[in-house]
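S.K.: Can you read through this structure? Questions will come right after.
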Amino acid sequence: MARARGADPVSLVRETISAFGGLRHEPAGIVLAARRIVERHPTAGPLWWLCSHVLGATDPFSALERCNDEIKSDTTLKTLQDAVPQDAVVCVVGWPTATLNALASRSDLKIFIVESNGDGDAAVDRLQSMDVDATLIQHENLSQTISQSDVVIIEALATGAHDVLCAGGSHATAALAYCEQKQVWLVTTCGTRLPEALWSGMVANIFSTGDESEISQSAVDVVPVSLFTQIISPNGRSQDASLPLTAECPPTTELLRRSAM
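The working numbering numbers the first residue of the sequence shown as 10 and each following residue consecutively.
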């Protein structure tokens, strides 16, 4: 389900893999290109994952092929699609691309979409055009919505070991659902789980108070993993949120250096 604005992470990764492939005759340009990519996409975990693998590999082009294979073979969407109970009422935040791609074909579901930075309204319009029972929820109606939901699903933009970067409004939604003892699921697709060095660099950049901050702080939330009752990932389903999330790429700190523009 293509986003109304911007590109989804998987599409960005595929486009970037293709662009990197064009540097075979100029491999020295890979480092600068990778730094510029993460600077321009400060919240796109899978792009950071890809660039980290490329810079950390002795053969960056073989790394590109491996990353492409991993993205293609990611089973997270199928796992999520099968995990949601029949006739469930589901609550999500904004436009969680992977989650909606997984659930759009489930005609038995009712989906509440909490507004986030204008994405919720667009997502509802797109789902309704596909004959999906989708309703836009404003934050003032969040409590009532959570009480009516069977499961709240939060999709990660990126994660560290113990915290998750998500769409703005996700923290309040997850916390309220947790307090009401609802099922709160975290979806971490391929490439979202970063090592601590990259995670810390990403968060520091996003929440910088200086003029160089790349994104509005209200556009995203950092949510503790402890609020989730289940984690859905390429490894399947896990109900143990007490364990740290395992990084999917090396801690290539070279990626954190600012590029010369």
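C-beta atoms are modelled at their ideal positions from N, C-alpha and C, and glycine is treated no differently.
Short of 6 Å in beta carbon distance, which residues of its chain neighbour Phe29, apart from the five on each side in sequence? Order them along the chain.
M.R.: Walking along the sequence shown from the start, residue 29 turns up at place 20. Hits under 6 Å: Leu73.
S.K.: By DSSP's criteria, Gln192 is part of a beta bridge. Which residues make up the other side?
M.R.: Your numbering for residue 192 matches position 183 in the sequence shown. Gln192 pairs with Val160.
S.K.: Is it right to say Pro55 is buried, meaning 16 or more other beta carbons lie within 10 angstroms of its own, or is it exposed?
M.R.: For the purposes of this step, residue 55 is taken as residue 46 along the sequence shown, with counting starting at 1. Per the 10 Å Cβ criterion, buried.
S.K.: Within this structure, are the beta carbons of Leu32 and Ala43 separated by less than 8 Å?
M.R.: Numbered from 1 along the sequence shown, position 23 holds the residue referred to as residue 32. Numbered from 1 along the sequence shown, position 34 holds the residue referred to as residue 43. No, these two residues do not count as a Cβ contact at 8 Å.
S.K.: Within 10 angstroms of the Cβ of Asn214, are there 16 or more other Cβ atoms? Answer buried if so, exposed if not.
M.R.: Locating residue 214 in the sequence shown gives position 205, counting from the first residue. With 16 or more Cβ atoms within 10 Å of its Cβ, Asn214 is classed as buried.
S.K.: Which of the three DSSP states is assigned to Asp128 in this structure?
M.R.: What you label residue 128 is simply residue 119 of the sequence shown in a count that begins at 1. If DSSP states are grouped into helix, strand and coil, Asp128 belongs with the helices.
S.K.: Looking at the structure shown, is Arg33 part of a helix, part of a strand, or coil, going by DSSP?
M.R.: Position 24 of the sequence shown, counting from 1, holds the residue named residue 33. In this structure, Arg33 counts as coil in the three-state DSSP scheme.
S.K.: Could you please give the first and the last residue of the uninterrupted alpha helix (DSSP H) stretch that includes Gly54?
M.R.: The count along the sequence shown starts at 1 and reaches residue 54 at position 45. First-last of the alpha helix (DSSP H) with Gly54: Gly54 to Gly65.
S.K.: Enumerate in chain order the residues of its own chain whose CB-to-CB distance from Ala170 is below 7 Å, with the five nearest sequence positions on each side excluded.
M.R.: As a first step, residue 170 is located in the sequence shown; it is residue number 161 there, counting from the start. The answer, listed in chain order, is Glu205, Pro253 and Leu254.
S.K.: State the start and end residues of the unbroken beta strand (DSSP E) segment that holds Ala176.
M.R.: Mapped onto the sequence shown, residue 176 falls at position 167. Start and end: Asp172 to Ala176.
S.K.: Please look up how many angstroms separate the CB atoms of Ile146 and Thr154, rounded, as I've assumed it's under 8 Å.
M.R.: As a position in the sequence shown, residue 146 is number 137, starting the count at 1. As a position in the sequence shown, residue 154 is number 145, starting the count at 1. The pair is a contact, with the Cβ atoms about 5 Å apart (cut-off 8 Å).
S.K.: Tell me Phe121's beta-bridge partners as DSSP assigns them.
M.R.: The count along the sequence shown starts at 1 and reaches residue 121 at position 112. Partner(s): Cys100 and Thr144.
S.K.: Suppose you measure from the CA of Cys199 to the CA of Ser152; what does that come to, to the nearest Å?
M.R.: Translated into positions along the sequence shown, residue 199 becomes position 190. Translated into positions along the sequence shown, residue 152 becomes position 143. Distance between the alpha carbons of Cys199 and Ser152 is about 31 Å.
S.K.: Do you know whose CA, among Thr168, Gln192 and Ser158, lies nearest Val229's CA?
M.R.: Numbered from 1 along the sequence shown, position 220 holds the residue referred to as residue 229. Ranking the options by Cα distance to Val229, first place goes to Thr168.
S.K.: Considering only DSSP beta bridges, list what Val229 is partnered with.
M.R.: Taking the sequence shown and counting its residues from 1, one reaches residue 229 at position 220. Per DSSP, Ala176.
S.K.: Between which residues of its own chain and Val47 is the CB-CB distance below 7 Å, once the five residues before and five after are set aside?
M.R.: Within the sequence shown, the letter at position 38 stands for residue 47. For Val47, where only same-chain residues beyond five positions count, the Cβ hits under 7 Å are Leu56, Trp57, Cys60 and Leu264.
S.K.: Would you report the Cα separation of Leu203 and Lys119, rounded to the nearest angstrom?
M.R.: For the purposes of this step, residue 203 is taken as the residue at position 194 of the sequence shown. For the purposes of this step, residue 119 is taken as the residue at position 110 of the sequence shown. So the two alpha carbons sit approximately 32 Å from each other.
S.K.: Please look up how many angstroms separate the CB atoms of Ala131 and Leu109, rounded, as I've assumed it's under 8 Å.
M.R.: Reading the sequence shown from its first residue, position 122 is the one you call residue 131. Reading the sequence shown from its first residue, position 100 is the one you call residue 109. Going by Cβ atoms, the distance from Ala131 to Leu109 rounds to 11 Å, so no, they are not a contact pair.
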